[in-house]
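full-length UniProt numbering puts the first residue of the sequence shown at 1, with every later residue one more than the last. We put the beta carbon where it would ideally sit given N, CA and C, even for glycine. Remember, it's a predicted structure, so these values are computed and weren't measured experimentally. First up is the structure itself, then whatever we jot down about it.
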Amino acid sequence: MDVRAELGAFLRSRRARLQPEDAGLIRYGERRRVPGLRREELAQLAGVSADYYTRFEQGRGEHVSGAIVDAVAAALRLDDAERAHLHNLARAVHPRPLAAAPQQVRPGLRQLLDAMSGTPAFIIGRRMDVLAWNPLFASVILNFGAIPPVRRNKVWVVFTHEEMRSRYVNWPAKARDVLAYLRMDHGRHPGDPAFPALIEELSERSPDFRRMWAEQEVRDKTHGTYDLWHPTVGALTLSYETFRAADDPDQALIAYTAAPGSPSEAALGLLRGVVSPA
Numbered sequence: 001m002d003v004r005a006e007l008g009a010f011l012r013s014r015r016a017r018l019q020p021e022d023a024g025l026i027r028y029g030e031r032r033r034v035p036g037l038r039r040e041e042l043a044q045l046a047g048v049s050a051d052y053y054t055r056f057e058q059g060r061g062e063h064v065s066g067a068i069v070d071a072v073a074a075a076l077r078l079d080d081a082e083r084a085h086l087h088n089l090a091r092a093v094h095p096r097p098l099a100a101a102p103q104q105v106r107p108g109l110r111q112l113l114d115a116m117s118g119t120p121a122f123i124i125g126r127r128m129d130v131l132a133w134n135p136l137f138a139s140v141i142l143n144f145g146a147i148p149p150v151r152r153n154k155v156w157v158v159f160t161h162e163e164m165r166s167r168y169v170n171w172p173a174k175a176r177d178v179l180a181y182l183r184m185d186h187g188r189h190p191g192d193p194a195f196p197a198l199i200e201e202l203s204e205r206s207p208d209f210r211r212m213w214a215e216q217e218v219r220d221k222t223h224g225t226y227d228l229w230h231p232t233v234g235a236l237t238l239s240y241e242t243f244r245a246a247d248d249p250d251q252a253l254i255a256y257t258a259a260p261g262s263p264s265e266a267a268l269g270l271l272r273g274v275v276s277p278a
């Protein structure tokens with residue numbers, strides 16, 4: 001993927017969602033050719049020249065300081081995840097290619113996963129590759145052991161695997177969540193050649209992926225709640241929490257729980273009873 005093009009597309013999408021009056025600028029009623037803020041208007045808000053901002057948006061700016069990136073982020077009213085993504089893209093305009101080294105699950109994360117036999121849990125790595133999972137996760141969400149290793153990727157199965165798609169009551173929300181995280185992760189690893197390969201293949205395979213990827217959403221995967229439909233126990237409402245080691249953000253353990261005393265907790269208990277230990 002061309003990082004310059006990604007930077008430009010991201011900034012244009014964020015300019016488009018702001019109107020001049022939202023930023024305290026005066027609109028004089030003239031016909032505007034593009035939605036949202038113009039480049040020169042954003043440059044004014046960020047305190048830089050229009051030419052400087054244009055070169056930045058086009059990926060032609062050399063040595064753009066963190067202060068300038070912060071000023072642009074503030075003018076665009078970016079949230080924390082979007083601001084971090086913009087900094088990653090700004091640093092990655094001239095990336096060095098990285099060797100695609102195989103990922104190995106951290107021993108500590110593996111031990112934690114093995115100890116969570118009563119909780120559906122899995123471990124993801126770069127590009128949302130699924131590196132490990134426990135038997136209860138396989139029963140509740142998807143058995144990645146039945147999927148070829150090359151396809152054990154959360155984004156891939158969300159967009160191409162019918163069983164995974166049928167699990168989520170609000171599938172579009174789930175799909176946008178995984179894409180928002182994938183985009184943020186890509187910003188952290190701009191030189192990894194496996195990212196553009198995954199994105200290109202999914203763009204060709206899935207019209208939904210193509211359309212949603214163009215929306216330029218960016219979010220971290222920290223916690224949340226999903227409504228699911230399981231073919232054996234029916235409706236499940238599960239919350240997830242993400243545990244990421246401070247010294248290794250490339251791997252995270254994600255665990256699902258049900259509210260105490262809820263029908264979902266009872267349904268999860270039924271599934272625990274039929275799952276054999278790994």
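I'd like to know whether the C-beta atoms of L131 and V105 end up nearer to each other than 8 Å. yes
Closest to E82 by C-alpha separation, out of L11, V233, V140, would be which residue? L11
Using DSSP with H/G/I as helix, E/B as strand and the rest coil, what is D220? coil
Skipping 5 residues on each side, what residues in its chain have a beta carbon closer than 6 Å to that of Y256? P120, L238, Y240
Here's the rule: buried if 16 or more other CB atoms are within 10 angstroms of the residue's CB, otherwise exposed. What is S264? buried
DSSP puts F243 in a beta bridge; with which residues? L253
Paired residues, beta bridge with L198 - DSSP: DSSP, once it has assigned bridges, lists no residue as partnering L198.
Three-state class that DSSP yields for T160 in the structure shown: helix
Top-ranked residue by Cα proximity to M128, from R188, D79, V72: R188
Host beta strand (DSSP E) of I124 (start-end): 121-124
If I follow the unbroken alpha helix (DSSP H) through V233, where does it start and stop? Run containing V233: none; DSSP gives neither H nor E here.
Taking Cβ positions, are I181 and Y226 nearer each other than 8 Å? The amino acid occupying residue 181 in the given sequence is Tyr; Ile does not appear at that position. Cβ atoms of Y181 and Y226: not closer than 8 Å.
Name the DSSP bridge partner or partners of D129? N153
Given a threshold of 16 other Cβ atoms within 10 Å of its Cβ, counted over all protein chains shown, does E6 qualify as buried or as exposed? buried
Hey, L113 and I124 are a contact pair by Cβ (cut 8 Å); roughly how many whole angstroms apart? That pair is no contact at about 12 Å.
Thinking C-alpha only, which one of L228, F243, S117, R210 is nearest T222? F243
Going by DSSP, what residue range makes up the alpha helix (DSSP H) through L271? 263-274
Span of the alpha helix (DSSP H) holding F144? F144 -> no alpha helix (DSSP H), and no H or E assigned at all.
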